[in-house]
Amino acid sequence: MKLTLRVNGADHEVDVPRRATLLAVLRDDLGLVATRFGCGSGQCGACYVLADGAAVASCLMTVDQAVDHDIVTVEGLSQDGKLSPVQDAFARESAMQCGYCTSGMLISATALLGHTPSPSEDEIREALAPNLCRCGVYGRAIRAVQRAAGAT
Ligand code: FES
Ligand code: FES
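Throughout the sequence shown, residue numbering follows this note's numbering, covering 153 to 304 in sequence.
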């Protein structure tokens, strides 16, 4: 069926099965491949995107559920070629190794700072808890969020 999705500030018309996942449509139809496929079952955080500012698992959201929501992927975090404060802080703190989990962490951190501009370390840990990282960059990711919040 034809649907219009609002992604990264622009409307995109897609013709896809109604029950297709938002993750599949982002990657396969819109070419926004920074959003990762990990577990496919809401357990790893690799596929997180912002929906109206909240971090959601795009592997669990069907494309028809995404209609009428303002979806932002990692590709939409930077503005005019300039990294967002969270992206910049992750780069400066080297808060990545293989990078597979990084998109999801950036989304979770952006959602957190959207509603809690000066989070405590516990609040950062809680926000990043759904984002599994096999490389174990959690310490650097926490420092990156603190840097982005202006706390370091
Ligand atoms: S791929 Fe969606 S939470 Fe793992
Ligand atoms: S940096 Fe490799 S999974 Fe997180």
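Beta carbons are placed, not taken as given, at the ideal position from N, Cα and C, and that holds for glycine.
Residue i classed as buried or exposed, judged by whether at least 16 other C-beta atoms fall within 10 angstroms
{"i": "E278", "result": "exposed"}
{"i": "H221", "result": "buried"}
{"i": "Q239", "result": "buried"}
{"i": "R171", "result": "exposed"}
{"i": "T262", "result": "buried"}
{"i": "R179", "result": "buried"}
{"i": "N193", "result": "Residue identity differs from the one stated: residue 193 is Ser in this sequence, not Asn. With fewer than 16 Cβ atoms within 10 Å of its Cβ, S193 is classed as exposed."}
{"i": "A207", "result": "buried"}
Residues bridged to residue i [DSSP beta-bridge criterion]
{"i": "V208", "result": "V201"}
{"i": "A162", "result": "V159"}
{"i": "D167", "result": "K154"}
{"i": "T214", "result": "T173"}
Beta-carbon contacts of residue i that lie in its chain and below 7 Å, excluding the five residues immediately before and after
{"i": "R292", "result": "E245, S246 and A247"}
Contacting residues, own chain, Cβ-Cβ under 8 Å from residue i (five flanking each side not counted)
{"i": "Q217", "result": "L174"}
Cut-off 6 Å between Cβ atoms - residues of its own chain near residue i, not counting five sequence neighbours on either side
{"i": "T254", "result": "M248"}
{"i": "M153", "result": "R170"}
{"i": "P237", "result": "A300"}
{"i": "V219", "result": "L155"}
Cβ pair residue i, residue j closer than 9 Å
{"i": "L284", "j": "A162", "result": "no"}
{"i": "S177", "j": "L157", "result": "For the record, residue 177 in the displayed sequence is Val; it is not Ser. Result yes, Cβ atoms of V177 and L157 sit closer than 9 Å."}
{"i": "T268", "j": "T225", "result": "no"}
{"i": "L258", "j": "L212", "result": "no"}
{"i": "V166", "j": "I223", "result": "no"}
{"i": "P271", "j": "V289", "result": "no"}
*Let me know the alpha helix (DSSP H) ranges lying completely inside the segment 221-269, each 4 residues or longer, listed in chain order.*
237-244 and 254-267, all fully within the segment 221-269.
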